[in-house]
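Residue numbers (the numbering used here): 1 to 162.
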């Protein structure tokens, strides 16, 4: 499994958007060099342990056995929703079990959005749902939406990649 570090998931004043993906040792080496050169950290065991804690599995193509959740919602305040999602990602950090997501705006229904979220398994999705960070996000989401969201829970039985 490829691993990744994403500066967007670590609280920072710099707003860095770098993402590193590769074998774990490679990502840790590059992450430490980046943290020193760009963020002014000092290399050492404490920095490396922090980076190791921020590592997560890199997104990969979905395959059989994975789990996909479709979340449809309506909002006239999409910018607020987008900010809520960014806040959730920063707060959940390394506990995030979703491997990737895609957000789409419905061309035929104004203010309607569909988020597709992929998990390696239904158990990983359940851990995400059980997180207090996700529960708090869901409450905030209700305040931005025009009604309750609709969830579709799908076991992946086939997936194709180019």
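Note that the Cβ used here is the ideal one computed from N, Cα and C, for glycine as well.
Between the options, which has its C-alpha nearest residue i's C-alpha?
i, options, result
"residue 150", "132, 115, 157 and 131", "115"
"residue 123", "77, 21, 46 and 69", "69"
"residue 103", "18, 153 and 81", "81"
"residue 154", "13, 16, 66 and 40", "66"
"residue 55", "72, 97 and 43", "97"
"residue 141", "127, 4, 126 and 84", "84"
"residue 21", "72, 4 and 15", "4"
"residue 57", "156, 73, 160 and 23", "23"
"residue 72", "53, 113 and 19", "113"
"residue 14", "41, 29, 160 and 128", "41"
"residue 156", "138, 125 and 137", "125"
"residue 128", "109, 110, 107 and 94", "94"
"residue 164", "137, 107 and 62", "Nothing can be reported for residue 164: it is not among the residues displayed for the chain, which extend from 1 to 162."
Beta strand (DSSP E) containing residue i: first to last residue?
i, result
"residue 230", "Residue 230 cannot be examined here, being either before or after the span of the chain that is shown, 1 to 162."
"residue 20", "19–22"
Name the one or two DSSP bridge partners that residue i has.
i, result
"residue 152", "70"
"residue 28", "Residue 28 pairs with nothing; no bridge assigned."
"residue 3", "22 and 57"
Considering just the uninterrupted stretch of the alpha helix (DSSP H) at residue i, what are its terminal residues?
i, result
"residue 127", "122–130"
Is the closest heavy atom of the ligand MN to the C-beta of residue i under 7 Å?
i, result
"residue 157", "Within the structure as shown, the ligand MN is missing, as the structure has no ligands at all."
Margin query: Which complete alpha helix (DSSP H) runs does the region 48–116 hold, if anything under 4 residues is left out?
Written below: 78–92
Note to self: Assess contact between the region 77–90 and the region 44–56, defined as three or more Cβ pairs (one per stretch) separated by less than 8 Å. Is contact present?
What the structure shows: no
Margin query: If contact is defined by three or more beta carbon pairs under 8 Å, each pair taking one atom from either stretch, is the region 138–145 in contact with the region 77–84?
Written below: yes
Note to self: If contact is defined by three or more beta carbon pairs under 8 Å, each pair taking one atom from either stretch, is the region 119–133 in contact with the region 30–44?
What the structure shows: no
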